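Notes for the one structure printed next.
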Amino acid sequence: MTIPGARATEESKDPYAVVKFFTPDAGWTWFVTEWEPESGVFFGLVEGLYTEFGTFSLQELTEARGPWGMRVERDLHFRPTRVRELKAYQREWGGRGPYDRTSAGEGG
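In my numbering, the protein residues as written are 3 to 110.
Right under this line is the structure:
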């Protein structure tokens, strides 16, 4: 599965996280849902001090180091997963997150 371009999943009710990056020594994880190759900027779910959706750059990931100096790694075993199925999403929002119909005022 290729990474969708910038804003390609904007209207999706439950986009795929296609790539996962993580810090082995700092507890940060980045799930990529979109990618803009010209600028090197990703969009996706970030789990760190907070869990939130936002942008992050390839340069930031390349330069980042954890407390023991370890670099950000790509999880080579990660398979594309719907955002709502990610444990990080479930921990933060359960069934009331940005991709759940009830949080958008469309249901109960």
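Idealized CB from N, CA, C, for every residue including glycine.
Values in this document were obtained by computation on a predicted structure and should not be read as measured data.
- Arg81 sits in coil when the DSSP states are folded into three classes, being neither helix nor strand.
- Note: Arg9 is not bridge-paired with any residue in the DSSP secondary-structure output.
- Ranked by Cα distance from Tyr52, the first of Tyr101, Trp95 and Pro6 is Trp95.
- In this structure, DSSP gives Thr64 a helical state, which the three-state scheme calls helix.
- The three-state secondary structure of Ala90, taken from DSSP, is helix.
- Beyond the five residues adjoining it in sequence on each side, Thr83 comes within less than 7 Å, by CB distance, of Tyr18 and Ala19 in the same chain, given in chain order.
- For a cut-off of 8 Å, the C-beta gap from Thr35 to Lys22 is around 11 Å, too long to register as a contact.
- Annotated as distal: Asp16 and Arg81, with beta-carbon spacing of 8 Å or more.
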